[in-house]
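Chemist:
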Amino acid sequence: MKLRFEVRSIKQKWKPPFTKDITDEVFDVEEGQTFDRIQGNGNDQPVYALVKGMGDRAIIQYSKLFTLKTGNPGNYQITLNKDDPISMTYLWGEDGVTKKITLKGASPIQETTITTEETQITPEENKQ
C-alpha cells in the first residue's frame, strides 16, 4: 500500500535580505522507500524513509541532519498521524531549512492487479 505525504519546505537566508523560499511537494511512497532530499553544504541524502505504513498512521525515519522542535528520539523515527503535521529544522547549511511533513492517508494512485482466467476449448466444443 502506498501512502501520500505532503512536505512543506521553508528555506530562509541567514543574511539580509532574509528572503524565504516556500516549496510544497507531494510524495506517494511504499514501505522502505526514501523520499525528499537535502542538498547543499556537502550533503546530498534523503530526508525521509517510510518504515511502516498503517493507513491513518505511519512510522518514518528522518535524516540525522534534522532536529525536531521537541527533541530527537535516539533512532530518528517518529509516528505520524493523518493530518497531524510534524516540523523539523536543518541549521547546518548556507540557509536555514524547516520542513513540515503531513501524512494525508492512502495514496489514490494504487497499483491495480488484473486477474485473467485462461480457458481451453476441448475438441468436442470446437466442432460446434
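With the numbering used here applied, the sequence shown covers 211 to 338. Think of the CB as a built atom: it goes at the ideal place given N, C-alpha and C, for glycine as much as any other residue. These figures come from a predicted structure and were not determined experimentally.
(1) Just the C-alpha distance for T326 and S317, rounded to the nearest angstrom, thanks.
(2) Please check the pair K292 and D266, which I expect to be a contact at CB under 8 Å, by giving their CB distance rounded to whole angstroms.
(3) Thinking L275 and F215 are a contact (beta carbons under 8 Å), I'd like their distance in whole angstroms, please.
(4) Taking N251 as the reference, give the member of G315, I319, G306 with the closest Cα.
(5) Would you decide whether K225 is buried or exposed? Buried here means 16 or more other CB atoms lie within 10 Å of its CB.
(6) In this structure, does DSSP put L275 in helix, strand or coil?
(7) Starting from the C-beta of G315, find all residues in its chain whose C-beta is less than 6 Å away, skip the five residues before and the five after it, and write them out in chain order.
(8) Report back the beta-carbon spacing between D234 and K212 to the nearest angstrom; my notes put them in contact at under 8 Å.
(9) Look at the alpha carbon of T322 and the alpha carbon of E240, and state the distance between them as a whole number of angstroms.
(10) Which runs of the beta strand (DSSP E) fall wholly inside the segment 226 to 277 and span at least 3 residues, in chain order?
(11) Leaving out five residues on either side along the sequence, give the residues of the same chain with a beta carbon under 8 Å from the beta carbon of K262.
(12) So, for Y286: in the same chain, excluding its five sequence neighbours on each side, which residues have a beta-carbon less than 7 Å away from its beta-carbon?
Modeler: Inspection of the coordinates gives the following:
(1) The residue you call residue 326 lines up with position 116 of the sequence shown. The residue you call residue 317 lines up with position 107 of the sequence shown. For T326, the predicted model reports a pLDDT of 46, less than 50, meaning its position is unreliable and no value from the coordinates is stated.
(2) Walking along the sequence shown from the start, residue 292 turns up at place 82. Walking along the sequence shown from the start, residue 266 turns up at place 56. Contact holds; Cβ gap of about 4 Å.
(3) Stepping through the sequence shown from its first residue, residue 275 is reached at position 65. Stepping through the sequence shown from its first residue, residue 215 is reached at position 5. Not a contact, Cβ separation roughly 18 Å.
(4) Position 41 of the sequence shown, counted from the start, is the residue given in the question as residue 251. Cα-wise, what sits closest to N251 is G306.
(5) The sequence position of residue 225 within the sequence shown is 15, counting from 1. So K225 ends up on the exposed side.
(6) Numbered from its first residue, the sequence shown carries residue 275 at position 65. Of the three classes helix, strand and coil, the one that applies to L275 here is coil, per DSSP.
(7) Along the sequence shown, one-based indexing puts residue 315 at 105. Within the same chain, G315 has close Cβ partners K292.
(8) For the purposes of this step, residue 234 is identified with residue 24 of the sequence shown, where counting begins at 1. For the purposes of this step, residue 212 is identified with residue 2 of the sequence shown, where counting begins at 1. About 19 Å separates the beta carbons of D234 and K212, which is beyond the 8 Å limit, so they are not a contact pair.
(9) Counted from its first residue, the sequence shown places residue 322 at position 112. Counted from its first residue, the sequence shown places residue 240 at position 30. Caution is warranted here: a pLDDT of 48 is assigned to T322, below 50, making its placement in the model unreliable, and no coordinate value can be reported.
(10) 230 to 239, 244 to 250, 253 to 263, 267 to 272
(11) Locating residue 262 in the sequence shown gives position 52, where the first residue counts as 1. E241, A268, I269, listed in sequence order.
(12) Stepping through the sequence shown from its first residue, residue 286 is reached at position 76. Closer than 7 Å at the Cβ level, and outside the excluded window around Y286, lie Q271, Y272, K274.
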